[in-house]
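So the sequences go chain by chain: A and B. Residue numbers for the first sequence, in this note's numbering: 1 to 140. Residue numbers for the second sequence, in this note's numbering: 141 to 536. Note that beta-carbon positions come from the ideal geometry of N, C-alpha and C, so glycine has one too. Following: one structure in structure tokens, then a few remarks.
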Amino acid sequence: MAYNKPIPTPTPLTQPFWDGTREGKLMLPRCTNCNRVHWYPRHLCPFCHSDKIEWIEGSGEGRLHTFAVQHRAFGGWAEEAPFVTAYIDLNEGDRMLTVLRGVDPTKPESIKIGCKVKVEFEEANDELSIPFFRVVEEGA
Amino acid sequence: MGISKAAAIVGAAESIEIGYPEDPKTAIQLHMESIKAVSDQTGIPISDIDGVFSAGMSSEIAEHLGIHPRYIDTTQVGGCSFEMHVHHALAAIHAGIIDIALVTHGQNGWSQRRLKGGGGFRPGGNSPGMQMTSAYGLSGAPSNYSHAMTAHNHRFGTTPEDFAHIAVVTREWATLNPRAVMHSKETHEFGGPITIEDVQNARMISWPLTLLHCCLVTDHGGSVIVARPEIARSLKTNPVWIAGAGECMSHQNMLEMGDFTATSAHKSSQIAYEMAGMGPADMELALLYDSFTITAGITAEMVGLAPRGEGYKLWKDGHAAPGGRLPINTNGGGLSFNHSGMYGMQLLIEAYRQLSGTAEDGINGIAGKQTNARTCIVNGTGGSLSTTGTLILTSD
């Protein structure tokens, strides 16, 4: 079945990230001046304001920072509600939003903040895939 | 000193490319190139900027830069906006609110034809932050704020039931306000008093937020007039003095909310208290933006009315309720009085009503004056727990 949820439109700044998703890579922007990874992609590093930013391949691993269960949604997501949205602290630093997989949205008490997660990709169209994260090990 | 020559333009620079760039540029890129250039030119570090002025995009620009300005002006009235920004910046600097103002422009009249979005006519458009969040099924404020409730519960050992007390007490205030949507069964099918069980058993919107943890969605119009003291003294109405004012932002996109249990109201209220020469203990009334129970609970902590992690106790222990030591949201709040999407004006009107001594005269049709407060803190919250504005108001 064709992917029926919102698909972002890349801009020159974000193109390397979306290109990476097609190959199953989680590409991350890293400042060559202060060496810190930031998310979302920037023209200037939000920590030191250098404009020398490179792309690195991230591990795709992180931990659950916080989450919520969406019971009300629109478009393609409405069919999937309830589903769990989550903020992920990446191993490389900074934070991503995602929809969390491998959890039971009807039992939010069973979802543990701090648990380990890993990225996986779902093909959205010929141009890009959408990264999602799956719980791989309960923690914290 | 007068306002004349109270500030100067100290540098001016453009983006690396202007005109018809070979590779299409987004508005945010044009902004960033010129900001980097003017910072290099003047030697003023970007991190020293404490006021951001742009046509419609100030919040996105500040977040992109990773700075937390305490003056945000995003006046968008067309081509002359930037001359106005300079005027506003002069006033802000003259007033001693900020030292360094960034006035910035970025617009891709040419490149936008080749890019889908990213044009810069309105904030958010196809910004990198939006691209990285729009795919995940979030829909509106409740779907964002719920993440903050989860984080607060995890960090402080609080529960959604604790925050339900905010909804119950705020409803109690609404039963005293005939104009409140949820005043009674006469005003709304589900109006009148509610219980903790009612709040927790209501339809789930975005766990852990049920419907009754969320504000109303209504219509509202409101206005206030601000005037200089001589005029204020000459009118038939009683003045309510702006003793302190402060603002700040921590992020635009919730991705950048470092601590999900804290807002920039910590900073905006500090600024306002300092200006007023007062502190949290001096406040006799609080009007705290309650788009959700979590918003009011966290804000009470941020503005110093309660210790960290314990904001909800003001309501749970009855202090915020009618007859309590610190009345909060005496109009019935965004939760039960009225919330049109942007609730800041409702806060101002209630603050004036309570402090001016005119409430008993039936201002806004409300007969009863709920407090004898002579001091009030008003705190508005915008975006996704993003921006805050605090006022310290006093009566004669």
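Please state whether DSSP places residue i in a helix, a strand or coil.
{"i": "Ala148/B", "result": "coil"}
{"i": "Phe17/A", "result": "helix"}
{"i": "Trp55/A", "result": "strand"}
{"i": "Glu490/B", "result": "helix"}
{"i": "Ala153/B", "result": "coil"}
{"i": "Ser363/B", "result": "coil"}
{"i": "Gln70/A", "result": "strand"}
{"i": "Ala2/A", "result": "coil"}
{"i": "Glu173/B", "result": "helix"}
{"i": "Trp347/B", "result": "strand"}
{"i": "His406/B", "result": "helix"}
{"i": "Ala342/B", "result": "coil"}
{"i": "Ala314/B", "result": "helix"}
{"i": "Thr470/B", "result": "coil"}
{"i": "Arg368/B", "result": "coil"}
{"i": "Ile503/B", "result": "Low local confidence applies: a pLDDT of 47 at Ile503/B is under 50, so the model's placement there is unreliable, with the coordinate-based value given in what follows. In this structure, Ile503/B counts as helix in the three-state DSSP scheme."}
{"i": "Arg101/A", "result": "strand"}
For residue i and residue j, which I take to be in contact (beta-carbon distance under 8 Å), what is that distance rounded to the nearest angstrom?
{"i": "Ala304/B", "j": "Val339/B", "result": "4 Å"}
{"i": "His228/B", "j": "Thr215/B", "result": "7 Å"}
{"i": "Leu97/A", "j": "Thr273/B", "result": "5 Å"}
{"i": "Leu475/B", "j": "Ala367/B", "result": "That belief does not hold up - the Cβ atoms of Leu475/B and Ala367/B are roughly 32 Å apart, past 8 Å."}
{"i": "Gln410/B", "j": "Gly523/B", "result": "At roughly 20 Å, the Cβ-Cβ gap does not stay under 8 Å, so Gln410/B and Gly523/B are not in contact."}
{"i": "Trp39/A", "j": "Leu90/A", "result": "7 Å"}
Starting from residue i, follow its DSSP beta bridges and name the residues at the other end.
{"i": "Pro131/A", "result": "Phe121/A"}
{"i": "Arg30/A", "result": "Val37/A and Glu54/A"}
{"i": "Leu428/B", "result": "Asn519/B"}
{"i": "Phe193/B", "result": "Asp213/B and Val243/B"}
{"i": "Gly417/B", "result": "Partner(s): none; Gly417/B has no beta bridge."}
{"i": "Ile88/A", "result": "Leu64/A and Met96/A"}
{"i": "Phe83/A", "result": "Gln70/A"}
{"i": "Trp381/B", "result": "Thr534/B"}
{"i": "Gly529/B", "result": "Glu387/B and Gly520/B"}
{"i": "Cys354/B", "result": "Phe432/B"}
Residue i: buried (16+ other C-beta within 10 angstroms of its C-beta) or exposed?
{"i": "Ala539/B", "result": "Only positions 141 to 536 of chain B appear in this structure, which leaves residue 539/B out of reach."}
{"i": "Arg42/A", "result": "buried"}
{"i": "Met482/B", "result": "exposed"}
{"i": "Asn317/B", "result": "buried"}
{"i": "Gly451/B", "result": "buried"}
{"i": "Lys52/A", "result": "exposed"}
{"i": "Val357/B", "result": "exposed"}
{"i": "Glu110/A", "result": "The question names Glu, but residue 110/A is Ser in the sequence shown. Label assigned to Ser110/A: exposed."}
{"i": "Val150/B", "result": "exposed"}
{"i": "Asn248/B", "result": "buried"}
Would you mind stating whether residue i and residue j have Cβ atoms separated by less than 7 Å?
{"i": "Thr515/B", "j": "Gln494/B", "result": "no"}
{"i": "Gly102/A", "j": "Arg63/A", "result": "no"}
{"i": "Thr315/B", "j": "His323/B", "result": "yes"}
{"i": "His171/B", "j": "Ile201/B", "result": "yes"}
{"i": "Tyr211/B", "j": "Gly191/B", "result": "yes"}
{"i": "Thr32/A", "j": "Glu54/A", "result": "yes"}
{"i": "Leu427/B", "j": "Ala491/B", "result": "yes"}
{"i": "Ala461/B", "j": "Glu337/B", "result": "no"}
{"i": "Tyr3/A", "j": "Ala81/A", "result": "no"}
{"i": "Ala78/A", "j": "Ser286/B", "result": "no"}
{"i": "Pro348/B", "j": "Pro379/B", "result": "no"}
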